[in-house]
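*Asks:*
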Amino acid sequence: MLIHCDVMTKSQPIQISTAPEQGVLSPAQKKFNATLKKIEAQKALLAEWQAELQACQQASHIKLEPLRRSLYEQQAIMLLLLDNLYKTEKFARNQQEKIANLIMEMCNELITEAGRADLKSLYNQYSETDYDAEVIADKLLEAELLQDMFEAQFGVTLDDSDELDFADPDMVAARLHEKHASMQRDAQVQRNARKKSAKQLTQEAREQEEAAGMSKSIQAVYRQLVTALHPDRETDPVERERKTELMQQVNVAYTKKDLLQLLSLQLSVEQISQDNINNIAEDRLKHYNKVLANQLNELQQEVRTLEIQVKQMVGVSPYEPLSPKKLVLILKQDMQGLQYEIARIKQDIRAFKNVKHFKDWLKGYQIS
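Be aware that the sequence shown starts at 1, since it is given in full-length UniProt numbering, and climbs by one per residue.
#1: Give the single residue among Tyr131, Gln190, Ala51 and Pro169 whose Cα lies nearest to the Cα of Val328.
#2: When the Cβ atoms of the region 113 to 125 are set against those of the region 141 to 155, are three or more pairs found closer than 8 Å?
#3: With three or more beta-carbon pairs closer than 8 Å as the criterion, would you say the region 83 to 91 touches the region 129 to 146?
#4: Identify whether Thr18 lies in helix, strand or coil by the three-state DSSP scheme.
#5: Is it buried or exposed for Lys353, if we count other Cβ within 10 angstroms and need 16 for buried?
#6: Taking Cβ positions only, does Pro169 come closer than 8 Å to chain D?
#7: Using C-beta distances below 6 Å, list every residue in its chain close to Leu119, excluding the 5 sequence neighbours before and after it, in chain order.
#8: I'd like the span of the alpha helix (DSSP H) that includes Glu128, first residue to last.
#9: Are the CB atoms of Lys63 and Met247 nearer to each other than 8 Å?
#10: Kindly list the residues whose CB is nearer than 6 Å to the CB of Ala253, restricted to its own chain and excluding five residues on each side of it in sequence; keep chain order.
#11: According to DSSP, is Asp236 part of a helix, a strand, or is it coil?
#12: Between residue 422 and Asn279, what straight-line distance do the alpha-carbon atoms span, to the nearest angstrom?
#13: Would Glu307 pass as a contact of Leu322 if the rule is Cβ separation under 8 Å?
#14: Buried or exposed: which applies to Ile367, given that a residue is buried once 16 or more other Cβ atoms fall within 10 Å of its Cβ?
#15: Considering only C-alpha positions, which residue in the set Lys311, Gln312 and Asp258 is nearest to Asn297?
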C-alpha cells in the first residue's frame with residue numbers, strides 16, 4: 001500500500017465515538033476516552049513547563065546574572081568601606097562588634113554566592129576562628145545530623161568501613177540512601193523467598209498475564225506500522241525518505257511505549273480509520289487501557305519531577321503551588337528585588353561615608 005502523507009503532520013486526535021442509534025459507550029470505552037484526554041492534558045502541561053523553563057533560563061542568563069554581578073560588586077565596595085571605617089575611625093566596643101559582624105556576614109555571602117575565596121582572609125581578621133575550619137565544622141555537624149536521622153527512622157548506620165569523607169554531607173547522604181536502598185532490596189528478597197499463598201500466586205499470574213497482554217498490544221500496533229512504513233520496501237526515493245522519517249517517529253513512540261502516539265500515527269497514515277477506533281474489541285481495549293494508564297502515570301511523574309526542579313531553581317517551597325505562567329512573575333519579582341537591593345546598597349555606601357550618620361545607623365542594627 002502506498003501511503004501519502006506529510007512526515008511532520010500533526011497527530012490525529014484519538015477518541016471513541018458512536019452513532020446516535022448505537023447508544024452509550026461501554027465502561028471500557030469511556031475509560032479509554034477519559035484516559036486519552038488526561039494524557040493529552042499532561043502532554044500539554046509538560047510542554048508548557050518545558051517552554052516556560054527554557055524561556056526563564058534564557059531570561060535569567062540575560063537579565064538576572066548581570067544584576068547579581070552588579071550587586072556583588074556593590075557589596076564588595078561596601079565591605080572595603082566597612083573595613084576602612086573599622087580600622088581608621090573610633091568606635092565603642094559594641095559598635096566594633098556590630099561592624100565585625102556585618103563584615104563577616106557580607107564576606108560569607110560573597111564567598112559562597114559569588115565565589116570570592118579571596119575574602120576569606122578578610123573574614124578571618126574579624127572572626128575568632130578560621131573560615132575554612134568553620135565550614136568543616138558545619139559540614140561535620142550536618143553529616144552527623146543526617147546520620148542520626150537515618151539511624152532513628154530507618155536503622156541505617158555508617159562506620160569506618162564505609163570509607164567516606166564525613167565532612168562531605170552530600171557524600172554522606174548519598175551513602176545513607178544507598179545503604180537504605182540496599183536494606184530495602186534485601187528485605188524484598190526475603191519477602192519473596194517466603195512461601196506464597198495461593199491468592200498471592202494467582203495475583204502474580206494475573207499481573208504477568210496483563211503485562212504480557214499490554215506488551216503484545218503495543219507490539220501489534222508497532223508491527224502494523226513497520227509493515228506499512230518500512231523504507232526498504234519503497235522504490236520511490238521521495239516516498240522512501242518520508243517513510244524513513246515516519247519510521248523514526250514510530251521507533252521513538254515504541255521505545256517510550258507511547259500507545260497514543262502509535263495509534264495517532266496509524267490514523268495519520270490512514271492505516272486505520274475512525275471506525276477501527278470505534279470498534280476496538282473489548283479484550284484489546286482492556287489491554288489498551290492498562291497501557292494508557294501506565295503512560296499517564298509516567299507523564300504525571302515527569303511533570304512532577306520537572307516542577308520540583310523548577311521550584312528548586314527559583315527558590316520556591318516544594319509545597320507552594322506553582323504554575324508555568326507564574327515562573328514569569330517570579331522572574332520579574334527577582335529582577336525587581338535585585339534592582340532594589342542594588343539601589344539600597346548604593347545609597348548606604350554614600351550615607352556611611354558620613355561617620356556620624358553611620359554611627360546613628362549602627363544604633364538600630366542588631367546582631368542576629
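The C-beta atom is built at its ideal place from N, Cα and C for all residues, glycine as well.
*Replies:* Once the coordinates are examined:
#1: Translated into the one-based positions of the sequence shown, residue 328 becomes position 328. The shortest Cα separation from Val328 among Tyr131, Gln190, Ala51 and Pro169 belongs to Ala51.
#2: No, because fewer than three Cβ pairs between the region 113 to 125 and the region 141 to 155 fall closer than 8 Å, the two stretches do not touch.
#3: no
#4: Walking along the sequence shown from the start, residue 18 turns up at place 18. Thr18 falls in the coil class under three-state DSSP.
#5: By one-based count along the sequence shown, residue 353 stands at place 353. Exposed, because fewer than 16 other Cβ atoms sit within 10 Å of the Cβ of Lys353.
#6: Reference to chain D is not applicable here, since this structure consists of a single protein chain.
#7: Taking the sequence shown and counting its residues from 1, the one referred to as residue 119 is at position 119. Annotation for Leu119: Cys107, Leu110 and Ile111 place their beta carbon closer than 6 Å to its own, counting only its chain and skipping 5 residues before and after.
#8: Residue mapping note: residue 128 aligns to position 128 of the sequence shown, counting from 1. Looking at the DSSP string, Glu128 is not in any alpha helix (DSSP H), and its letter there is neither H nor E.
#9: In the sequence shown, the residue the question calls residue 63 occupies position 63. In the sequence shown, the residue the question calls residue 247 occupies position 247. Contact flag unset, no.
#10: To locate residue 253, count along the sequence shown from 1; it is residue 253. Correct list, in chain order: Gln261 and Leu262.
#11: Along the sequence shown, one-based indexing puts residue 236 at 236. The three-state secondary structure of Asp236, taken from DSSP, is coil.
#12: Since the first and last residues shown for the chain are 1 and 368, residue 422 lies out of range.
#13: The residue given as residue 307 occupies position 307 in the sequence shown. The residue given as residue 322 occupies position 322 in the sequence shown. Closer than 8 Å, so yes.
#14: Here residue 367 is taken as the residue at index 367 of the sequence shown, counted from 1. Result: exposed.
#15: For the purposes of this step, residue 297 is identified with residue 297 of the sequence shown, where counting begins at 1. With distances taken between Cα atoms, Asn297 lies closest to Asp258.
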